[in-house]
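Okay, so here's the structure we're looking at.
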């Protein structure tokens, strides 16, 4: 789906009304959009920038202000109103028309005319508002049959401009829609509301575009579009905002299977590697890999399986994070051991540190391609590394090759995780993701404390050429799959993402913007205000929407500094979604039948049984902006005809893969075999609430009597009550700079966009 482009800068117009206005032919009753863009541009007045800086430090659970969804608001209103023309008005002069046009296009705004009004000195805000008002009246004179949707925010001159236009031409205003920067009692907002009431002009307002759009549609008498196409859920090429990648927007005709738990994944991977030989290729990326980790009870190990494939003639290539030695990361040695073992067998594994400071490569993927058997090609994408501790199953007794964790998880921590097995054209896209990283010409690391040890250990630091890629595998199923990534903006730049890529964050924003009944989440962290704000906006927008989130009971690190910082971010995020959704929000953790907590390591989301995403990214700022991440989003063309057949009510239906994944996970967590009580969103939410209450009550009673079937517990955060002040002054900076750093450019942080 091609995104419309903004008009070229030479079409930008001055605000000065022409002495002889030629009316443009338009239909009576037509509507158009005027958007005062000064509040969303990356740069602006000193007053605006100071306000954004002040908001950057705001940590209130009620603060849902964001510019993130504003391009969608403009685009949707234009389409809803019959491809209505869009006019962007700004107080900047005409000489800045080209950069303004470029910025709006880059941020995803639809085509339109830029109206510049900043010619010569202006007498403060009143003068700027007067010029903008003249510009709006001028364009209204050229289009006499049009009623206008006036869109902007209350942080600048928008309220004055819109109030003036409504007072002078009330019959020409269809709606005033404001993104709220201030509270309702701000003087500018009060004046606008009085003027609009006198002119009988409708006004709607919300702190972000996600909440503003349905209010605007309702005021205009427009319902939520019922289309049900893949493009309603997936990002288009331009919406990815990374034109340098060779990835397609999405592929269709794929088969997707969710491998729940590491034991299932490792067994499938062992089978794929066992038949890889001459002319085949094995490519993998990871955060950590342990050469001696068993893939099955009787072997082989990870190192043995990869080395055996290389000795049989398969081209085995891998990229693992070049972890820091010492306290920051303890698995550099493990990654180096695997690299050495595979290299000795004829393969090649590189240790990659081309990341931001305090960043890491967190993608988890294996691609196996077979010469002459393209139908067997397979990719594995998800949250499971090839490391110790991950080979658990539904009983959650833990992996006997365990790793250290908080003592609450016991000597062999139980892990819950999910990996996708994919066949079809998407395998070619997964290979392209590997190739982009492998062929990056930048040095793997420039840090002397890494370069010198690499030289001492004779670690391979040069990528050998790859054979040409084979054609993509043929269609093999009913699923459309979109690969989503995070790459930070850094220097030297990634050739495949010179401005970075934040398509994971953008995809979640789009999918959650369509959520109506149920968001089901499993995540290792669920931290960060900026991530929680997107979920909170969806909950605030739809009063029928439920959020069920399954998280770990405790962080996996017993270091008190880490734990305090982690719980602080977790508590802040949960406070925001609970503030927005009330009792429609359920946050739970998991335990096994022995009552031992299970560490939830999965990173997945299912929206209205239509869109499902599984990957390496956690729901925090680090994963959405700072590290490298990889996620697969899935929309199955095959529908599930069990009632409710269209859970969201938007014509999407219920899709077999997304619904199947959600039901599989809920059946395990609730200890049930039947789906009937879990199909409907409200009934599923009630079933989860009852099950968790039964288990909580059983524990409160001293665990006497038969244990309830469920494994979910109501989740509470030790930091909910707030850390003492003398802890918070230290913990908050540690959390935001080390645990959950923000990889966005400053202008994106200030505007709360991706």
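Residue numbers (my numbering): 8 to 761. Think of the CB as a built atom: it goes at the ideal place given N, C-alpha and C, for glycine as much as any other residue.
Reference residue 109, options 49, 62, 168, closest by Cα
Walking along the chain shown from the start, residue 109 turns up at place 102. The option with the nearest alpha carbon to residue 109 is 49.
Which one of 197, 401, 288 has the shortest CA to CA distance from residue 170?
Position 163 of the chain shown holds residue 170. Selected option, being the one with the closest Cα: 197.
Can you tell me whether DSSP reads residue 338 as helix, strand or coil?
Here residue 338 refers to the residue found at position 331 when the chain shown is read from its first residue. Residue 338: coil per DSSP, three-state reduction.
DSSP three-state label for residue 742, please.
Here residue 742 refers to the residue found at position 735 of the chain shown. Residue state, collapsed to three classes: helix.
Quick one, are the C-beta atoms of residue 760 and residue 75 less than 8 Å apart?
Taking the first residue of the chain shown as 1, we reach residue 760 at position 753. Taking the first residue of the chain shown as 1, we reach residue 75 at position 68. Yes, the Cβ-Cβ distance between residue 760 and residue 75 is below 8 Å.
Would residue 668 and residue 133 qualify as a contact pair, given that the criterion is a beta-carbon distance under 8 Å?
Here the question's residue 668 lines up with position 661 in the chain shown. Here the question's residue 133 lines up with position 126 in the chain shown. Result no, Cβ atoms of residue 668 and residue 133 do not sit closer than 8 Å.
Close beta carbons around residue 370, own chain, < 7 Å, minus the five adjacent residues each side:
Start at 1 with the first residue of the chain shown, and residue 370 comes out as number 363. These residues qualify, in order along the chain: 292, 623, 635, 636, 637.
Straight-line CA distance for residue 301 to residue 512?
Locating residue 301 in the chain shown gives position 294, counting from the first residue. Locating residue 512 in the chain shown gives position 505, counting from the first residue. Cα-Cα distance, rounded: 34 Å.
Beta-carbon gap between residue 758 and residue 47 smaller than 8 Å:
Here residue 758 is taken as the residue at index 751 of the chain shown, counted from 1. Here residue 47 is taken as the residue at index 40 of the chain shown, counted from 1. Closer than 8 Å, so yes.
Going by beta carbon distance, what residues of the same chain come within less than 6 Å of residue 273, once the five residues before and after it are set aside?
Mapped onto the chain shown, residue 273 falls at position 266. Cβ within range, chain order: 302, 398.
For residue 42, does the three-state DSSP call read helix, strand or coil?
Working through the chain shown from its first residue, we reach residue 42 at position 35. Of the three classes helix, strand and coil, the one that applies to residue 42 here is strand, per DSSP.
Reduced DSSP category for residue 117 - H, G, I as helix; E, B as strand; rest coil
Within the chain shown, residue 117 is the residue found at index 110, counting from 1. Residue 117 falls in the coil class under three-state DSSP.
What does the alpha-carbon distance come out to for the pair residue 352 and residue 643?
Walking along the chain shown from the start, residue 352 turns up at place 345. Walking along the chain shown from the start, residue 643 turns up at place 636. Computed Cα separation, rounded: 40 Å.
Pick helix, strand or coil for residue 410, following the three-state DSSP scheme.
Your numbering for residue 410 matches position 403 in the chain shown. The answer is coil: DSSP assigns residue 410 none of H, G, I, E or B.
Let me check understanding here. Comparing Cα to Cα, which of 390, 482, 73 lies closest to residue 541?
For this step, residue 541 is matched to residue 534 along the chain shown. Nearest of 390, 482, 73 to residue 541, Cα basis: 73.
For the alpha helix (DSSP H) containing residue 441, name the first residue and the last one.
By one-based count along the chain shown, residue 441 stands at place 434. Here the alpha helix (DSSP H) through residue 441 covers 433-445.
Under 8 Å between the Cβ atoms of residue 451 and residue 363?
On the chain shown, residue 451 is found 444 positions in, with the first residue counted as 1. On the chain shown, residue 363 is found 356 positions in, with the first residue counted as 1. No, they are not a contact pair.
Touch check for the segment 473-485 and the segment 570-580: three-plus C-beta pairs under 8 Å?
no
Near residue 247, what residues of its chain come up, given a Cβ to Cβ distance below 6 Å and the 5 sequence neighbours on each side ignored?
The sequence position of residue 247 within the chain shown is 240, counting from 1. The residues are 510.
When the Cα atoms are used, what is the spatial distance from residue 587 to residue 231?
As a first step, residue 587 is located in the chain shown; it is residue number 580 there, counting from the start. As a first step, residue 231 is located in the chain shown; it is residue number 224 there, counting from the start. Going from the Cα of residue 587 to the Cα of residue 231 covers about 21 Å.
Using three-state DSSP, classify residue 759 as helix, strand or coil.
Counted from its first residue, the chain shown places residue 759 at position 752. The answer is coil: DSSP assigns residue 759 none of H, G, I, E or B.
Starting from residue 312, follow the alpha helix (DSSP H) in both directions and report where the run begins and ends.
For the purposes of this step, residue 312 is identified with residue 305 of the chain shown, where counting begins at 1. Where residue 312 is concerned, the enclosing alpha helix (DSSP H) stretches over 309-318.
Cβ neighbours of residue 88 in the same chain (closer than 7 Å, five flanking residues each side left out):
Position 81 of the chain shown, counting from 1, holds the residue named residue 88. Closer than 7 Å at Cβ, skipping near neighbours: 38.
Hey, residue 762 and residue 491 are a contact pair by Cβ (cut 8 Å); roughly how many whole angstroms apart?
The shown model of the chain, from 8 to 761, leaves out residue 762, and the question about it has no answer.
Range of the contiguous alpha helix (DSSP H) that encloses residue 516
By 1-based counting over the chain shown, the position of residue 516 is 509. First-last of the alpha helix (DSSP H) with residue 516: 510-519.
In this structure, how does DSSP classify residue 360 when only helix, strand and coil are distinguished?
In the chain shown, counting from the first residue as 1, residue 360 sits at position 353. Three-state result, residue 360: coil.
Note down, in chain order, each residue of its chain lying with its Cβ closer than 6 Å to the Cβ of residue 381, except the 5 sequence neighbours on either side.
Here residue 381 corresponds to residue number 374 of the chain shown, with the count starting at 1. 480, listed in sequence order.
Which value, in whole angstroms, describes the spacing of the CA atoms of residue 438 and residue 470?
Within the chain shown, residue 438 is the residue found at index 431, counting from 1. Within the chain shown, residue 470 is the residue found at index 463, counting from 1. When rounded, the distance between both Cα atoms is 16 Å.
For the beta strand (DSSP E) containing residue 183, list its first residue and its last residue.
In the chain shown, residue 183 corresponds to position 176, counting from 1. Residue 183 -> beta strand (DSSP E) spans 180-186.
From which residue to which residue does the alpha helix (DSSP H) around residue 229 run?
Taking the first residue of the chain shown as position 1, residue 229 is located at position 222. Residue 229 -> no alpha helix (DSSP H), and no H or E assigned at all.
Helix, strand or coil at residue 456 [DSSP, three-state]:
Position 449 of the chain shown holds residue 456. The answer is helix: DSSP assigns residue 456 an H, G or I state.
Residue 553 - containing beta strand (DSSP E), residue span
Here residue 553 corresponds to residue number 546 of the chain shown, with the count starting at 1. Residues 553-557.
Just the Cα atoms here: how many angstroms apart are residue 270 and residue 394?
Taking the chain shown and counting its residues from 1, the one referred to as residue 270 is at position 263. Taking the chain shown and counting its residues from 1, the one referred to as residue 394 is at position 387. Near 12 Å, if we compare the C-alpha coordinates of residue 394 and residue 270.
Cβ-based burial, residue 239 [other Cβ within 10 Å; buried from 16]
Taking the chain shown and counting its residues from 1, the one referred to as residue 239 is at position 232. The residue in question, residue 239, is buried, as its Cβ has 16 or more Cβ neighbours within 10 Å.
When you compare only the Cα positions, how much space is there between residue 131 and residue 535?
On the chain shown, position 124 is the one that residue 131 refers to. On the chain shown, position 528 is the one that residue 535 refers to. Their backbone Cα atoms lie some 38 Å apart in a straight line.
With 16 other Cβ atoms within 10 Å as the buried cut-off, status of residue 723
Locating residue 723 in the chain shown gives position 716, where the first residue counts as 1. With fewer than 16 Cβ atoms within 10 Å of its Cβ, residue 723 is classed as exposed.
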